[in-house]
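Reading through the structure tokens given below for one structure.
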Amino acid sequence: MRFLISFDSPFLDALVQLSLFPMPKRKRGIIGDAASRREAIRKRERRVVETEEERSRRLGVMAQRGQDRRAEETEEQRNSRLSDMAQRGQERRAEETEEQRNSRLVIMAQRGQERRAEGTNEQRNSRLSAMLQHARERRLNVIEGQNHHQIQTFYIARTVLN
């Protein structure tokens with residue numbers, strides 16, 4: 001028995017809608033038809049002449065929409081989004097040059113210094129307390145590892161002597 005499926009078949013449309021054959025996602029910045037291309041140009045021109053207040057308001061609205069979207073997403077969607085972000089970050093870092101890497105690390109260090117400089121004494125004490133706790137845990141893990149090694153050695157020696 002043979003199945004013939006024409007390209008204008010409702011079955012094929014259903015498969016596409018069910019994502020068995022997903023349509024490729026459009027990349028950001030790639031715009032198809034002329035009308036949407038003109039609209040994108042108009043938006044860019046508007047952004048060039050907008051005031052700082054208008055820009056701040058526009059970015060605030062965008063941020064709020066993003067928060068609303070994230071608040072409504074399921075855990076599976078959240079995990080997928082975070083996985084995609086991590087993958088893109090890894091790809092970006094894999095392609096960067098040594099100079100770009102050093103520049104990125106310098107910027108990260110500067111941001112950390114600025115954040116610490118702006119922090120209150122309470123934040124500083126909290127940060128130092130967390131560092132101290134981590135150091136204690138590391139030392140305990142080392143001691144436990146040494147004890148485990150000594151116990152293993154003891155049992156091995158006892159087994160050999162018996």
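The UniProt record's numbering numbers the first residue of the sequence shown as 1 and each following residue consecutively.
Virtual Cβ for every residue (Gly too), placed ideally from N, Cα, C.
All values derive from a computational prediction rather than experimental measurement.
What are the start and end residues of the alpha helix (DSSP H) that includes residue i?
i	result
ASP84	75 to 95
GLU137	121 to 161
ASP68	52 to 72
Any Cβ of chain D within less than 8 Å of the Cβ of residue i?
i	result
SER83	This model lacks chain D altogether; it includes just one protein chain.
Classify residue i: buried if its beta carbon has 16 or more other beta carbons within 10 angstroms, exposed otherwise.
i	result
LEU161	exposed
Relative to the ligand ADP, is the shortest distance from any of its heavy atoms to the C-beta of residue i smaller than 7 Å?
i	result
GLN113	Here there are no bound small molecules, and the ligand ADP is not part of this structure.
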